[in-house]
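A.B. asks: Sharing a structure with you now.
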Amino acid sequence: MGFKHKDIIALQDLTRDEIQLLLDTAENMREVNSRDIKKVPTLRGKTIINLFYEASTRTRTSFEIAGKRLSADTVNISTSTSSTTKGETLLDTALNLLAMKPDIIVMRHAISGSHYFLAKRLPCSIINAGDGAHEHPSQGLLDMLTMRQEFGTLEGLKVAIVGDITHSRVARSNIHGLTRMGASIFLSGPPTMVPPGIERLGNVTVCNDMRDAIADADVVMMLRIQLERQGKTLLPTLKEYSRYYGLNPDNLKLAKKDAMVMHPGPINRGVEMSSYVVDGDQSHILKQVENGVAVRMAMLYHVSGGELPT
Amino acid sequence: MGFKHKDIIALQDLTRDEIQLLLDTAENMREVNSRDIKKVPTLRGKTIINLFYEASTRTRTSFEIAGKRLSADTVNISTSTSSTTKGETLLDTALNLLAMKPDIIVMRHAISGSHYFLAKRLPCSIINAGDGAHEHPSQGLLDMLTMRQEFGTLEGLKVAIVGDITHSRVARSNIHGLTRMGASIFLSGPPTMVPPGIERLGNVTVCNDMRDAIADADVVMMLRIQLERQGKTLLPTLKEYSRYYGLNPDNLKLAKKDAMVMHPGPINRGVEMSSYVVDGDQSHILKQVENGVAVRMAMLYHVSGGELPT
Amino acid sequence: MGFKHKDIIALQDLTRDEIQLLLDTAENMREVNSRDIKKVPTLRGKTIINLFYEASTRTRTSFEIAGKRLSADTVNISTSTSSTTKGETLLDTALNLLAMKPDIIVMRHAISGSHYFLAKRLPCSIINAGDGAHEHPSQGLLDMLTMRQEFGTLEGLKVAIVGDITHSRVARSNIHGLTRMGASIFLSGPPTMVPPGIERLGNVTVCNDMRDAIADADVVMMLRIQLERQGKTLLPTLKEYSRYYGLNPDNLKLAKKDAMVMHPGPINRGVEMSSYVVDGDQSHILKQVENGVAVRMAMLYHVSGGELPT
Chain A
106 MGFKHKDIIA
116 LQDLTRDEIQ
126 LLLDTAENMR
136 EVNSRDIKKV
146 PTLRGKTIIN
156 LFYEASTRTR
166 TSFEIAGKRL
176 SADTVNISTS
186 TSSTTKGETL
196 LDTALNLLAM
206 KPDIIVMRHA
216 ISGSHYFLAK
226 RLPCSIINAG
236 DGAHEHPSQG
246 LLDMLTMRQE
256 FGTLEGLKVA
266 IVGDITHSRV
276 ARSNIHGLTR
286 MGASIFLSGP
296 PTMVPPGIER
306 LGNVTVCNDM
316 RDAIADADVV
326 MMLRIQLERQ
336 GKTLLPTLKE
346 YSRYYGLNPD
356 NLKLAKKDAM
366 VMHPGPINRG
376 VEMSSYVVDG
386 DQSHILKQVE
396 NGVAVRMAML
406 YHVSGGELPT
Chain B
106 MGFKHKDIIA
116 LQDLTRDEIQ
126 LLLDTAENMR
136 EVNSRDIKKV
146 PTLRGKTIIN
156 LFYEASTRTR
166 TSFEIAGKRL
176 SADTVNISTS
186 TSSTTKGETL
196 LDTALNLLAM
206 KPDIIVMRHA
216 ISGSHYFLAK
226 RLPCSIINAG
236 DGAHEHPSQG
246 LLDMLTMRQE
256 FGTLEGLKVA
266 IVGDITHSRV
276 ARSNIHGLTR
286 MGASIFLSGP
296 PTMVPPGIER
306 LGNVTVCNDM
316 RDAIADADVV
326 MMLRIQLERQ
336 GKTLLPTLKE
346 YSRYYGLNPD
356 NLKLAKKDAM
366 VMHPGPINRG
376 VEMSSYVVDG
386 DQSHILKQVE
396 NGVAVRMAML
406 YHVSGGELPT
Chain C
106 MGFKHKDIIA
116 LQDLTRDEIQ
126 LLLDTAENMR
136 EVNSRDIKKV
146 PTLRGKTIIN
156 LFYEASTRTR
166 TSFEIAGKRL
176 SADTVNISTS
186 TSSTTKGETL
196 LDTALNLLAM
206 KPDIIVMRHA
216 ISGSHYFLAK
226 RLPCSIINAG
236 DGAHEHPSQG
246 LLDMLTMRQE
256 FGTLEGLKVA
266 IVGDITHSRV
276 ARSNIHGLTR
286 MGASIFLSGP
296 PTMVPPGIER
306 LGNVTVCNDM
316 RDAIADADVV
326 MMLRIQLERQ
336 GKTLLPTLKE
346 YSRYYGLNPD
356 NLKLAKKDAM
366 VMHPGPINRG
376 VEMSSYVVDG
386 DQSHILKQVE
396 NGVAVRMAML
406 YHVSGGELPT
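Chains as they are written, first to last, in the working numbering: chain A, 106 to 415; chain B, 106 to 415; chain C, 106 to 415.
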């Protein structure tokens, strides 16, 4: 089975079968990453541009390693060195890069919608590496892969997502992807951080009390408080936040025995969750990162027209 | 036929045959760039250092992609991470890099003459990626390649160049290259931006009125107003600049029917030219960028001792 | 003979045979670097992350070139783009990178001990590219290689090291490495810059007068005054420093005829040494840099389990 999309911008746009295909291919890529020689010639002679308008260590590094293990040529462009400082429009920058004949542009940009805007106008593939508060599909896929490895399926899982839902592209990608795959979502966060009407996205329940969200959950996903972006008004003191919306060994007991604990990183230890939980047996946080490279290899592979490898 | 130079610093230093050779090779490289697997082993095992003392997206990216498609190892060094902040002289930095045995150093530096200074002292090849207001030979070559694709020859073309001639290395490289190839140049810009005596460079005419420069032109090349560098004194208001020295559908009619419109980018839309012209049928701006990768591949190839590929 | 260590953090940890092995392999790598095609497939499919928490041109570039010439995939991460700005701990950053399955992390970090801390917890190899004032083993090795090329052996050499000993990781690596190999060390610097008790490190003599240190020396190694880090209190005026602790043609005559002059760079010309000495016949400064790539190739090779190439 082939993948029909030129771009991957949002999990909302993908069918159940397409998500399944990406996850299946990612498992094959995990095998490549476990080899002594972690390199396949799949994308040899292809050019990938990593265009990051926002700083990023792990996502950029993960995409760069993914591209290199597929033998692509990878080129990094970050905001600080970009022509945007010279007043060029995003479309002009993109058209200029396109003229250099990249096969794929992996882009992080603060403005939701910028990826769709470019994808319509550019013949090369666009992969969204995070766009404002909209979606972060590679993160959603790696989260789902990590859950599937644990439970064998996503169907029927109860997933709690706790924190600043409003500003979280991670939450949105997980909500779209997981509900599509048959999971049910329970959200909780300070009232200022939960967008009204989000239940309409599908199988989503909002809980005022975090304990209701994680009660009997298979997965507890804690979101990062973006201290560097947060306006003062949305958040009470960090201490208070941590008390009502932080994960600790006590409230984790409300979830299912052996429930998975997840976090997209980087973690503010002691804010979103106690160090005890971060480093505990139920934490799958580093497994998520490991799956990230494999998922990104799968994304790069399929937008390049790859079939499911056998 | 071989290319005799170790370095490419200025089009002023190249003969007609040498420019022809570079353009011919660039056409071969365009073919490589159109392949599904855009990679040839030509410079395998060669090391290219991209040493940029000024920020650049497109030129650095273009050279980096060019090097990678030729299978060279490419290493980027930009000012912000450079030892110059530690007070090292340019020559000391260059000698240190040389000791790492690069085959080619591609350098952008604000000081005209710094490339010649290094080229005399270093056995590796130096390619000028822009030096102050002196030359930008890869830009000049890609401009000429774009014109030659349209007209089959550069001989006898009438090329208008409009804008800040004084501070433009792009203008200087085009003037040297194009007059060498038999084209005639018509310059126009605010009096403060046209260096006295520039007519002595060859087949060059200065026109006070922009309309005289573009009248009957085959090519209209608009230069970028470097808003970020411009002192206040050289420029009247942008609105006034745009009125007297901006290209728009009306004054473009003065040029030949189907005259080429060119710009080195990044464009200040509405300043040097109206968006209608930027995006119009006569615009070859993105073709220029596309040719840029091919031209840079040709430059890297020939300074490495490559013959004309057959 | 194999190399038994997973990591290279300090020359203090290496035996005489291990240092010998690294230097021998570096000579083989020098041969690779002298080829027309400077590339061997030794580390194909391996991933090297260059994680620099402090700015660096030459060390980072040297490690990057070393990795590429061994055909590894190299990824650069520098502080400015790192998650540390988001408040992540060093260990969390490292564990996240580890999850991407790098084979080697080359790290520069201001805190002495951070490399040991990570090496104990991470299964991948850690190479120290400089840690605070502790050690800079690749610099120590390249210095020793340069001396061995000149004298055939390190046994019995008299090496003077002059400058800010207290803050110099270069001095410490050389002291540990050279004394292990049978050389004797004579240190000199302003009293505020020589740590009390350093003679206990081995065959080390402290001289108040620089002239006593360099008298009859085989090697005179001048350290960099880190103007950008120096607190005002440690240093008298630069002029005074230069007068009492700078190397010039006059005091150099106190050393052996044809004594080697060395400096880790970048040089403050006229401070640590006069330009006349920097550029003179006895200077081996650029040879040091050249050896740096070869030594780093040897380090990458041996931590990856390579045997001595034959």
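We treat Cβ as the ideally placed atom computed from N, Cα and C, and that holds for glycine.
As the structure is a prediction and not an experimental result, all values here were calculated from the model.
Please list the partners that Glu-169/A has in chain C, where partner means a Cβ-to-Cβ separation under 7 angstroms.
C.D. replies: The answer, in chain order, is Val-180.
A.B. asks: Can you give me the C-alpha to C-alpha distance between Leu-247/B and Pro-207/C, rounded to a whole angstrom?
C.D. replies: If you take the alpha carbons of Leu-247/B and Pro-207/C, they lie about 40 angstroms apart.
A.B. asks: Apart from the five residues just before and just after Thr-186/C, which ones in its own chain have a Cβ nearer than 7 angstroms to its Cβ?
C.D. replies: With a pLDDT of 46 at Thr-186/C, under the threshold of 50, the predicted position of this residue should be treated as unreliable, though the coordinate-derived value follows. Cβ within range, chain order: n/a, list empty.
A.B. asks: For the beta strand (DSSP E) that Phe-157/A lies in, which residues bound it at each end?
C.D. replies: Start and end: 152–157.
A.B. asks: Taking the alpha helix (DSSP H) that Gly-172/A belongs to, which residues open and close that run?
C.D. replies: Counting along the chain, the alpha helix (DSSP H) containing Gly-172/A begins and ends at 163–174.
A.B. asks: For chain F, is any of its Cβ atoms less than 8 angstroms away from the one on Glu-260/A?
C.D. replies: Of the protein chains in the structure, A, B and C, none is chain F.
A.B. asks: Mind listing the chain C neighbours of Leu-391/A? Cutoff is C-beta to C-beta under 8 angstroms, in chain order.
C.D. replies: Chain C residues near Leu-391/A: Leu-200, Asn-201, Leu-203 and Ala-204.
A.B. asks: With DSSP as the reference, please indicate the residues paired to Asp-236/C in a beta bridge.
C.D. replies: Paired residue(s): His-214/C and Glu-240/C.
A.B. asks: Could you check if Arg-213/A is buried or exposed, using at least 16 other CB atoms within 10 Å of its CB as the buried criterion?
C.D. replies: Buried is the call here.
A.B. asks: From Val-383/A, Ala-399/A and Asp-118/A, pick the residue whose C-alpha is nearest to that of Asp-418/C; which is it?
C.D. replies: Here chain C covers residues 106 to 415 and nothing more, so residue 418/C does not appear.
A.B. asks: When the distance is taken between beta carbons, is Ser-176/A closer than 8 angstroms to Val-145/A?
C.D. replies: Going by C-beta atoms, Val-145/A is nearer than 8 angstroms to Ser-176/A.
A.B. asks: Could you tell me which of Tyr-158/C, Leu-203/C, Asp-141/C and Arg-149/C sits nearest to Cys-229/C, measuring between CA atoms?
C.D. replies: Cys-229/C has its Cα closest to that of Leu-203/C, out of Tyr-158/C, Leu-203/C, Asp-141/C and Arg-149/C.
A.B. asks: Output yes or no for whether 8 angstroms exceeds the beta carbon distance between Ile-170/B and Val-376/B.
C.D. replies: No, they are not a contact pair.
A.B. asks: Kindly list, in the order they appear in chain A, the residues whose Cβ is closer than 8 angstroms to that of Glu-193/C.
C.D. replies: Under the 8 angstroms cutoff, chain A gives Gly-370, Pro-371 and Ile-372.
A.B. asks: Only counting the same chain, and skipping five residues up and downstream in sequence, which positions put a Cβ closer than 6 angstroms to that of Val-180/B?
C.D. replies: Excluding residues within five positions, the ones whose Cβ falls inside 6 angstroms are Ile-154.
A.B. asks: I'd like to know whether the C-beta atoms of Ala-292/C and Val-275/C end up nearer to each other than 8 angstroms.
C.D. replies: The sequence shown places Leu at residue 292/C, rather than the Ala named in the question. Their beta carbons are not under 8 angstroms apart, which means Leu-292/C does not touch Val-275/C by this criterion.
A.B. asks: Please list, in chain order, all residues of the same chain as His-272/A whose beta carbon is under 6 angstroms from its beta carbon, the five residues on each side excluded.
C.D. replies: Here the set comprises Ala-238.
A.B. asks: For Thr-251/C, does the three-state DSSP call read helix, strand or coil?
C.D. replies: Of the three classes helix, strand and coil, the one that applies to Thr-251/C here is helix, per DSSP.
A.B. asks: In or out: Arg-226/B buried (at least 16 other Cβ within 10 Å) or exposed?
C.D. replies: Exposed, because fewer than 16 other Cβ atoms sit within 10 Å of the Cβ of Arg-226/B.
A.B. asks: Any idea what DSSP makes of Asp-197/C, helix, strand or coil?
C.D. replies: Three-state DSSP puts Asp-197/C in a helix.
A.B. asks: On the criterion of 16 or more Cβ atoms from any shown chain inside 10 Å, does Gln-100/A qualify as buried, or is it exposed?
C.D. replies: No statement about residue 100/A is possible, as the shown extent of chain A runs from 106 to 415 and does not include it.
A.B. asks: Does the beta carbon of Arg-285/C come closer than 8 angstroms to any beta carbon on chain A?
C.D. replies: For Arg-285/C, the answer is no, since every Cβ of chain A falls outside 8 angstroms of its Cβ.
A.B. asks: What are the boundary residues of the beta strand (DSSP E) that Ser-347/C is part of?
C.D. replies: Looking at the DSSP string, Ser-347/C is not in any beta strand (DSSP E); the run it does join, the alpha helix (DSSP H), is 343–350.
A.B. asks: Going by the beta-carbon positions, is the gap between Phe-157/A and Ser-183/A smaller than 8 angstroms?
C.D. replies: Against a cut-off of 8 angstroms, the Cβ pair of Ser-183/A and Phe-157/A comes out as a contact.
A.B. asks: Looking at C-alpha atoms only, which residue of Ile-390/C, Met-205/C and Ser-139/C is the closest neighbour of Arg-165/A?
C.D. replies: Checked all of Ile-390/C, Met-205/C and Ser-139/C; the closest Cα to Arg-165/A is Met-205/C.
A.B. asks: Is Leu-116/C near the ligand FAD - that is, is its Cβ less than 7 angstroms away from at least one heavy atom of it?
C.D. replies: Because no ligand of any kind appears in the structure shown, any question about the ligand FAD cannot be addressed here.
A.B. asks: Per DSSP, which residues does Asn-396/A bridge with? Please list them.
C.D. replies: According to DSSP, which records beta bridges pairwise, Asn-396/A is partnered with nothing at all.
A.B. asks: For Asp-363/A, report the span of its alpha helix (DSSP H) as first-last.
C.D. replies: Unbroken run through Asp-363/A: none, as it is neither H nor E.
A.B. asks: Could you check the C-alpha separation between Gly-235/C and Lys-111/B for me, to the nearest Å?
C.D. replies: Those two C-alpha atoms are separated by around 36 angstroms.
A.B. asks: Is it the case that the Cβ atoms of Ser-379/C and Ile-209/C are separated by a distance below 8 angstroms?
C.D. replies: Result no, Cβ atoms of Ser-379/C and Ile-209/C do not sit closer than 8 angstroms.
A.B. asks: How many angstroms separate the CA atom of Leu-119/B from the CA atom of Gly-307/B?
C.D. replies: In a straight line, the C-alpha of Leu-119/B is about 15 angstroms away from that of Gly-307/B.
A.B. asks: Mapping DSSP to helix, strand and coil, what is Arg-329/C?
C.D. replies: Coil at Arg-329/C, not helix or strand.
A.B. asks: Checking the sheet assignment: what are the DSSP bridge partners for Ala-160/C?
C.D. replies: Beta-bridge pairing links Ala-160/C to no other residue.
A.B. asks: Check Phe-291/A in the structure and name its three-state DSSP category.
C.D. replies: Three-state result, Phe-291/A: strand.
A.B. asks: According to the Cβ coordinates, are Ser-278/A and Gln-244/A closer than 8 angstroms?
C.D. replies: Contact flag set, yes.
A.B. asks: Mapping the DSSP letters down to three states, classify Val-299/C as helix, strand or coil.
C.D. replies: Coil at Val-299/C, not helix or strand.
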